[in-house]
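Those sequence lines, one after another, are chains S and Z. Residue numbers for the first sequence follow our numbering, beginning at 1 and rising by one. Residue numbers for the second sequence follow our numbering, beginning at 158 and rising by one. Each residue gets a CB set at the ideal place from its N, CA and C atoms; glycine is no exception.
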Amino acid sequence: MTAMMHIQTTRFGELELEEGRLIQFPEGMIGFPDDKAFVLLEHRPGSPFMWLQSTETPELAFVIVNPLLIRSDYLESLPPQERELVTGKKGQVPLLFAVVTIPSGDPRKMTVNLLGPVVIDVQAKTGRQVILANSGYRTQHPVLQEESSPSSQNGAQ
Amino acid sequence: MLVLTRKADESITIGNRITVTVLGIRGGQVRIGIDAPRDLPVNRTEIVETIARENLEAARSPMDLDDLNETLSTGIKPKTT
Numbered sequence: 001m002t003a004m005m006h007i008q009t010t011r012f013g014e015l016e017l018e019e020g021r022l023i024q025f026p027e028g029m030i031g032f033p034d035d036k037a038f039v040l041l042e043h044r045p046g047s048p049f050m051w052l053q054s055t056e057t058p059e060l061a062f063v064i065v066n067p068l069l070i071r072s073d074y075l076e077s078l079p080p081q082e083r084e085l086v087t088g089k090k091g092q093v094p095l096l097f098a099v100v101t102i103p104s105g106d107p108r109k110m111t112v113n114l115l116g117p118v119v120i121d122v123q124a125k126t127g128r129q130v131i132l133a134n135s136g137y138r139t140q141h142p143v144l145q146e147e148s149s150p151s152s153q154n155g156a157q
Numbered sequence: 158m159l160v161l162t163r164k165a166d167e168s169i170t171i172g173n174r175i176t177v178t179v180l181g182i183r184g185g186q187v188r189i190g191i192d193a194p195r196d197l198p199v200n201r202t203e204i205v206e207t208i209a210r211e212n213l214e215a216a217r218s219p220m221d222l223d224d225l226n227e228t229l230s231t232g233i234k235p236k237t238t
């Protein structure tokens, strides 16, 4: 028998989940040091987005996304010591997420925080938010680029 | 806040594993050396505060993302190539 737990959430109501899905964040998320346990929830089948839901505070949940979907070279452009922070030691393959900010009323202006990704160790069921201070990444990287963006790959500049 | 006065080359020890040394003082700037275990993140406070603020913003993202779904999945796909 798998032990089940009930968690209260503002967005999804009361959820019944396997206890094995708990992910401990010993330090909390940055700015939220008191919430030390979260669960990952699918946003919707097929959606690239997931939710990191606190099991202690019903209203605390973050939309998260694999940063490699936003920047396929996300890891390659990191300085080596920072790459190690997010790729783990040899043999471990942590889950990597970036926190998404969605301005209310203007979802197309959504941004992802590439400076402070969330790293989850699947085996240990622990997670933490790391700071890539020397990466050059920002907290507000646009998700949906404008069609005419000069920074697109085929730009002539 | 605990306040201690230190000169250049003097240090303080926090717990058993963290030592903070004043390496030099020049103009209005102080150079600080920190010895801490590798698993303990050491960052400038401004960057930590920037991320805390962004997390707070992110936690306020709207509850209902339904109308986003298609925009998002189609918006993201081209950039993964």
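Skipping 5 residues on each side, what residues in its chain have a beta carbon closer than 8 Å to that of R128/S? For R128/S, where only same-chain residues beyond five positions count, the Cβ hits under 8 Å are F25, P26, E27, V118, V119.
Let's see if you can read the secondary structure: which residues bound the beta strand (DSSP E) around T111/S? Here the beta strand (DSSP E) through T111/S covers 111-121.
In the region 48-72 of chain S, which residue ranges form an unbroken beta strand (DSSP E) of at least 3 residues, counting only runs that do not cross its ends? Within the region 48-72 of chain S, the complete beta strand (DSSP E) runs of at least 3 residues fall at 49-54, 61-65.
Exposed or buried, A98/S, counting other C-beta atoms within 10 Å across all chains shown (16 or more means buried)? Its Cβ being crowded by 16 or more others within 10 Å, A98/S is buried.
Would you list the one or two residues that DSSP bridges to V186/Z? Here residue 186/Z turns out to be Gln, not Val, going by the sequence shown. According to DSSP, which records beta bridges pairwise, Q186/Z is partnered with R183/Z.
Shorter than 8 Å from the beta carbon of S135/S to some beta carbon of chain Z? Chain Z, which has no Cβ nearer than 8 Å to the Cβ of S135/S, makes this no.
Leaving out five residues before and five after A165/Z in sequence, what residues of the same chain have Cβ atoms less than 8 Å from its Cβ? Apart from sequence neighbours up to five positions away, the residues of its chain that approach A165/Z with a beta-carbon distance below 8 Å are V179, L180, G181, I182, ordered along the chain.
For E167/Z and T176/Z, the rounded distance between their alpha carbons: Counting only the Cα atoms, E167/Z lies some 10 Å from T176/Z.
Excluding the 5 residues preceding and the 5 following I189/Z in the sequence, name in chain order all residues of the same chain whose CB lies nearer than 8 Å to its CB. Closer than 8 Å at Cβ, skipping near neighbours: V177, T178, V179, L180.
My assumption, with CB atoms under 8 Å, is that L78/S sits in contact with P48/S. Please give the rounded CB distance. Not quite, the Cβ-Cβ distance comes to about 21 Å (not below 8 Å), so this is no contact.
Let me see if you follow: with CB-CB separation under 8 Å, is E167/Z close to chain S or not? No, because no Cβ of chain S sits closer than 8 Å to the Cβ of E167/Z.
Neighbouring residues, chain S, relative to I208/Z (Cβ below 8 Å): Here the neighbours are I30, G31, N113, L115, G116, Q129, I131, T139.
Under a CB-based cut-off of 8 Å, is V99/S close to chain Z? Output row for V99/S: interface = yes.
On the DSSP bridge list, what partners appear for M158/Z? According to the DSSP secondary-structure assignment, M158/Z is paired through a beta bridge with no residue.
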